[in-house]
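There are 2 protein chains.
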Amino acid sequence: MRSPDETDLAILRLLLEDARRPYNDIATQVDVSAPTVSDRVNRMSELDIIERFTIDLDQSCFTDGVDLLIDLELRATSVDGLTEALVAVDGIEHVFTTTDARVLAIGSLRSERVGPALLEALDAEQIESYRVHLLQARARDPSITAGPLTLNCDTCADTVGEDGVTVSLDDTLHHFCDESCQKLFEERNLTAPSS
Amino acid sequence: MRSPDETDLAILRLLLEDARRPYNDIATQVDVSAPTVSDRVNRMSELDIIERFTIDLDQSCFTDGVDLLIDLELRATSVDGLTEALVAVDGIEHVFTTTDARVLAIGSLRSERVGPALLEALDAEQIESYRVHLLQARARDPSITAGPLTLNCDTCADTVGEDGVTVSLDDTLHHFCDESCQKLFEERNLTAPSS
DNA sequence: ATTGAAATCGGCCTAGC
DNA sequence: GCTAGGCCGATTTCAAT
């Protein structure tokens, strides 16, 4: 199977800017035909390089609160699922967890809601301390770096080389370093493999 | 002019999940006609509530580096434009600046590139200190909070009420608390107003 | 209802065996 | 020389307005 290439990167850049651009326009700019663009976009969707088509919103329209940065230090308990639990809190938009048990949450909340919000998602004894900062500015740029586009093994998260295995399970393509990683993945996911 | 309402919020939620969903599907779910959905989406685009149609990518495919959190403390110099300068650095995806002169940058870089990257965007004397943390997990959820959808004054950033002014300048709609804010905006933006 | 875009299908070409 | 996979052109289907 062909690996993603420069043409794919160019398509992604154009879609990032405007996902409604007609395939014909993209086709002209990257110098292939419209059906080819379609094929490649589909393939990248299956490969989960493209996670979804979506919209960027002006977040400032949706809050009566103020942008905050919550800086949490945790006791050395389990951190699994904590990132997800926090981001599910209404108003929290980003959560970053570091390897040294710090958690940063960014979102728009009224400040009196911060404490209750944290307790919604966490056990009180997990929290060593937290500090709240006011945000002055934020910027986001999901740009594509110059580097190569790689696929990552669904089991061990390493980069999959040319000799990797790609199989189709439950409607998305999964890729693995080798058969042993594939085996592991299939064992962990109880649904019977389709191939 | 009609203010955005619950129907608009419902449309946005659906588009967030899948911006390629046909207007017909959306129309059924929010109980209006497809042309109405079209009109509302267009209006929200003009109002810049919808900033753009785009794609979400699996960032892990685009880096040979590792996810880092760079925690910068600045000397109390001017912070203007600094957020933008940092986010323009290749590999940096998010930048958050707090009111107490801390700057958090998140991105994928090889660690030996962190120092040079910062010096690309900042003057050395602006940096008080910085620490680099390894990221273990990250999550994002650009969800729409239950609260009201508000428009913000392009001059003073306050919420624009029912009595606000909305005018069309250079292809997007701008809204203002009142005529004085509109005047200020027009003076600052040298292009002649179209109305 | 009209217009235009996207998915589809069949044939072609190329690369790898 | 044969096969598999990618690419393209024409057509059909479907969505947007």
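Protein chains in written order, with the numbering used here: chain A, 804 to 998; chain B, 804 to 998.
C-beta atoms are modelled at their ideal positions from N, C-alpha and C, and glycine is treated no differently.
Remember, it's a predicted structure, so these values are computed and weren't measured experimentally.
(request) Check the Cβ of A/E896 against every Cβ in chain B and list those closer than 7 Å, keeping chain order. (result) R943, D944 and P945
(message) Using the three-state DSSP reduction, which class does A/D883 fall into: helix, strand or coil?
(response) coil
(request) Give the straight-line distance between the Cα atoms of B/Q862 and B/V898, rounded to the nearest whole angstrom. (result) 16 Å
(request) Say whether the stretch 852–859 of chain B touches the stretch 887–901 of chain B, bearing in mind that this needs 3 or more beta-carbon pairs closer than 8 Å, one atom from each stretch. (result) no
(message) Taking only three categories from DSSP, how would you classify B/S983?
(response) helix
(request) Taking the CB atoms as reference points, tell me whether B/A940 and A/V890 lie closer together than 7 Å. (result) no
(request) Output yes if chain A places a C-beta closer than 7 Å to the C-beta of B/C1063; else output no. (result) Outside the modelled stretch of chain B, which goes from 804 to 998, sits residue 1063 of chain B, for which no answer is possible.
(request) Would you please verify whether the beta carbon of B/D961 is less than 7 Å from any beta carbon of chain A? (result) no
(request) With a threshold of 16 other CB atoms inside 10 Å of the CB of B/S911, please say whether the residue is buried or exposed. (result) buried
(request) Could you tell me whether the Cβ atoms of A/V906 and A/V935 are closer together than 7 Å? (result) no
(request) Compare the Cα-Cα distances from B/S892 to each of B/A920, B/L871, B/A904 and B/V835 and report the closest residue. (result) Here the sequence assigns Val to residue 892 of chain B, which means Ser is not the residue at that position. Answer by Cα proximity: B/A920.
(request) Report yes if the CB atom of A/R805 is closer than 7 Å to the CB atom of A/G868, and no otherwise. (result) no
(message) Between B/V890 and chain A, is any beta-carbon pair separated by less than 7 Å?
(response) yes
(request) List the residues of chain A that B/R823 touches, going by C-beta distances under 7 Å, in chain order. (result) F856
(request) Within its chain, find whatever has a CB closer than 6 Å to the CB of B/Y826; leave out the 5 residues flanking it on each side and keep chain order. (result) A837, V840 and S841
(message) Can you give me the C-alpha to C-alpha distance between A/M847 and A/I853, rounded to a whole angstrom?
(response) 6 Å
(message) Using a 10 Å radius around the Cβ and a threshold of 16 neighbouring Cβ atoms, would you call B/L818 buried or exposed?
(response) buried
(request) Under 8 Å Cβ to Cβ from B/V844, same chain only, skipping five residues before and after it: list those, please. (result) I814, L818, Y826 and I853
(message) Between B/Q1029 and B/R878, how many whole angstroms is the CB-CB distance? I'm expecting something under 8 Å.
(response) Given a span of 804 to 998 for chain B in the structure shown, any question on residue 1029 of chain B remains unanswerable.
(message) DSSP has A/Y933 in a bridge; who is on the other side?
(response) A/L875
(message) Taking its Cβ as the centre, do 16 or more other Cβ atoms sit within 10 Å of B/L922, making it buried, or is it exposed?
(response) exposed
(request) To the nearest angstrom, report how far apart A/V835 and A/T810 are at their CA atoms. (result) 9 Å
(request) Report yes if the C-beta distance between B/L952 and B/H978 is below 7 Å; otherwise report no. (result) no
(message) Below 7 Å on C-beta distance, what does A/D859 contact in chain B?
(response) E854, R855 and T857
(message) Just checking: is the beta-carbon of B/Q832 within a distance shorter than 7 Å of some beta-carbon in chain A?
(response) no
(message) Relative to the C-alpha of A/S946, which candidate in B/L885, B/I909 and B/K986 has its C-alpha closest?
(response) B/I909
(message) For A/D828 and A/P807, I'd like the C-alpha separation in whole angstroms.
(response) 20 Å
(request) Identify which residue in A/T948, A/F988 and A/A949 has its Cα closest to the Cα of A/D957. (result) A/F988
(message) One question on the structure: do A/Y933 and A/L976 come within less than 7 Å of each other, judged by their Cβ atoms?
(response) no
(request) Please check if any C-beta of chain B sits within less than 7 Å of the C-beta of A/L817. (result) no
(request) Could you spell out the range, first to last residue, of the beta strand (DSSP E) harbouring B/V906? (result) R905 to L912
(message) Short of 6 Å in beta carbon distance, which residues of its chain neighbour B/G894, apart from the five on each side in sequence? Order them along the chain.
(response) G910, S911 and L912
(request) Quick one: list the residues of chain B neighbouring A/D903, beta-carbon separation under 8 Å, in chain order. (result) H936 and L937
(request) Check each candidate in A/T962, A/E915, A/D903 and A/L885 and name the one with the smallest Cα separation from A/L925. (result) A/L885
(request) Compare the C-beta of B/V899 with all C-beta atoms of chain A and state if any pair is closer than 7 Å. (result) In the sequence as displayed, the identity of residue 899 of chain B is Phe instead of Val. B/F899 counts as touching chain A.
(message) Between B/E794 and chain A, is the shortest Cβ-Cβ distance under 7 Å, so that the two count as touching?
(response) With chain B represented from 804 up to 998, any question about residue 794 of chain B goes unanswered, as that position is not in the structure.
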